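Residue numbers (our numbering): 1 to 272. Beta carbons are placed, not taken as given, at the ideal position from N, Cα and C, and that holds for glycine. Just so you know, these numbers come straight off a predicted model, no measurement behind them.
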């Protein structure tokens, strides 16, 4: 089982690391997608755009990593206003946000740009490009510290930009299961996975005090910032409105050739 190693997945993993039959491996989002593509993992939290690129995947219901507006962990940092960006660096950990920033720059801001080779941190990005995408815990740390703004750079929260443009929430990641796992496990496998992972989410959200205590020192952030991120910034549900936001994203991604088809991911059907 491949799980993203960022704070935003912490509430979804409650107790799963000790679940029989599940072996948790923590990795970056792009690596989670590659593990499912290669078959080295058969369940994973993966960047949602990879659901359109990897065949044979089914999404678990009612669970997502999403944002309704400002998320603070998906940033465009730039030397200039977005419309003037000509060279863009992408975070190598990203897949969904890499597509989102390109869509926003071209369709919302009218920018024309080339993609530069990825670099390990935002300072290195801005040394070689006009703008850079930064995601996950490093982006949250930059948001809280104000380091990029203090250095004279513009920062834009891409979830907030998406919401201002479309009025819709944005879905970053889903739990995906390889169809082979469902077939191998028999007729009850999908129902068990859906129920078990939903219970993990509910338990995680009910034990935020524990997560805050674990993650605040790990990231060097105040407990209040961790709590705000998990309670306010990130959403963990996948509702019809989230599906609508995902449909709009896939439509735009397909129009720009970032995915082959706007067809939405297959969602596991289950009865609670």
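A direct Cα-Cα distance of roughly 19 angstroms separates residue 226 from residue 173.
Burial check for residue 256: the Cβ neighbour count within 10 Å stays below 16, so the residue is exposed.
Only exposed fits residue 192, as fewer than 16 other CB atoms lie within 10 angstroms of its CB. In the DSSP assignment, residue 144 falls within the unbroken alpha helix (DSSP H) covering 136-145. For residue 85, no beta strand (DSSP E) encloses it, and the DSSP letter there is neither H nor E. The alpha-carbon separation between residue 77 and residue 59 amounts to approximately 32 angstroms.
Taking residue 228 as reference, the option from 132, 72, 79 and 251 with the minimal CA-CA separation is 72. Counting only runs of 4 or more residues that sit fully inside the segment 27-56, the alpha helix (DSSP H) segments are 29-38, in chain order.
In the DSSP secondary-structure assignment, residue 156 is bridged to 76.
Judged by DSSP secondary structure, residue 114 falls within the beta strand (DSSP E) whose first and last residues are 114-116.
Annotation for residue 172: no alpha helix (DSSP H) segment contains it, though the beta strand (DSSP E) segment containing it runs 170-178.
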